[in-house]
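Following: one structure in structure tokens, then a few remarks.
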Amino acid sequence: MAKTYNLAVLPGDGTGPEVTAEAVKVLKHAADLAGFKLEFTEFDFGGDRYLRTGEVLPPNAADELRAFDAILLGAIGHPGVAPGILEKGILLKLRFDLDQYINLRPVRLYPGVETPIKDKGPADIDYVVVRENTGDVYTGSGGTSMKGTPHEVAIQEMIYTRFQVDRCLKYAFEYAEKHGKKARGLSDVNTLGLVGKTNVLTFVFDLWERAFHEMGAAEYADIKRDYYHVDATCMWMVKNPEWFDVLVTGNMFGDIITDLGAMTQGGMGIAAGGNINPEGVSMFEPIGGSAPKYTGQGVINPLAAICAGSMLLETLGEDASAKRIEDAVKVATASHIKSLAAGRMGYSTSGVGDLVCELMS
Ligand code: IPM
Ligand code: MN
């Protein structure tokens, strides 16, 4: 009997539902071609539901989602809801509750896609950021006192435990071993670079750096280890992105550098990421926002959501289908789609989904 995967779909806000529909279309086509089955169950979490019911996320949401093989998320963010409520209440809450401790973000320039970096091409911009996804300033530890007075105190703490650092590093080393540039035939060595700030954050990144070298030397001696300060990383991401293979970093730095990375790969229309719990259920998303001003016009680019679908299949072990989707996206960007920008693709949102399906045979 054909293998069946149960997928939860959270289309979310704004243009989220439009791009998610195309990702689902492409996933279904991939399943048909490969002979496995996908069952989709939709959840209406997002701004509209919150405004209607006053509830950000039902209390049993994480438990329900845990029963699925993977989750596909569109976008969270609604102009009618104050910033932070939905982001913290849905996206971050699910990442934490489902212990998705890795945020995997490839920075890959596809052929035909314009990058703002002069003289760099797909061979240069081709690396992956492993962002820790449960610790750091994201834990919400801190507080405020004397608020609104000239003496106001605001504290937001950067927190890491050895356990969190070790499990993230283990994932990153394993990832570098399996998917690094040597594993892909692009170099004679797989390299993992730690991105930190050991010159200022002398407690947190001292922990990261010690753990990194201890684990690397003991278990992954064949993987080359580099270290970069985060500010210098931003510089090299623009000047010499070809130096990078796999990068690993904390939650906050990872958040920041992956937006920069996304811009170098052509923008939010193409950048996908996975919130991964290697032992549990993972959630895949286009890393851009809900782009509310384009809602319902059929002009938004669904490629990032489609690429998130490809990452989802890879995590399920359907590597060949994941590659089939990514290869089709590459042909689409190389030879068909004019621009990744909303309204300038030369195709409608659903037209892009159809195109990727056609190119998948
Ligand atoms: C991201 C986003 C989120 C984050 C926000 C929306 C909470 O920027 O996924 O990168 O900071 O992680
Ligand atoms: Mn971000």
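In this text, residue positions in the sequence shown follow my numbering: the first is 57, and each later residue adds one. Backbone N, C-alpha and C fix where the C-beta goes; we use that ideal spot for every residue, glycine too.
The alpha-carbon separation between residue 274 and residue 233 amounts to approximately 14 Å. Any heavy atom of the ligand IPM within less than 6 Å of a residue's beta carbon puts that residue on the list, which reads 143, 147, 148, 311 and 343. For secondary structure counted as the alpha helix (DSSP H) over 4 or more consecutive residues, the stretch 128 to 164 holds these complete runs in sequence order: 149 to 153.
Sequence-distant partners of residue 399 (beyond 5 residues in either direction) whose C-beta falls short of 6 Å from its own C-beta, in its chain, are 355. About 4 Å separates the CB atoms of residue 322 and residue 169; that is less than 8 Å, so the two are in contact. The beta carbons of residue 171 and residue 305 sit no closer together than 8 Å.
Within the same chain, and ignoring the five residues on either side of residue 272 in sequence, the residues whose Cβ sits closer than 6 Å to its Cβ are 281. Buried is the label assigned to residue 134, since at least 16 other Cβ atoms lie within 10 Å of its Cβ.
Between the ligand MN and the CB of residue 192, the shortest heavy atom gap is not smaller than 7 Å.
Judged by DSSP in its simplified three-state form, residue 261 adopts helix. Residue environment for residue 315: exposed (fewer than 16 other C-beta atoms within 10 angstroms of its C-beta).
Counted as a single uninterrupted DSSP element, the stretch harbouring residue 291 is not any beta strand (DSSP E) but the alpha helix (DSSP H) occupying residues 286 to 295. Per DSSP, the unbroken beta strand (DSSP E) holding residue 95 starts and ends at 93 to 98. By a beta-carbon distance limit of 8 Å, residue 63 does not contact residue 92. Their separation comes to about 12 Å. Counting along the chain, residue 214 sits inside no alpha helix (DSSP H), nor does DSSP assign it H or E at all.
For residue 365, the enclosing alpha helix (DSSP H) covers residues 359 to 371.
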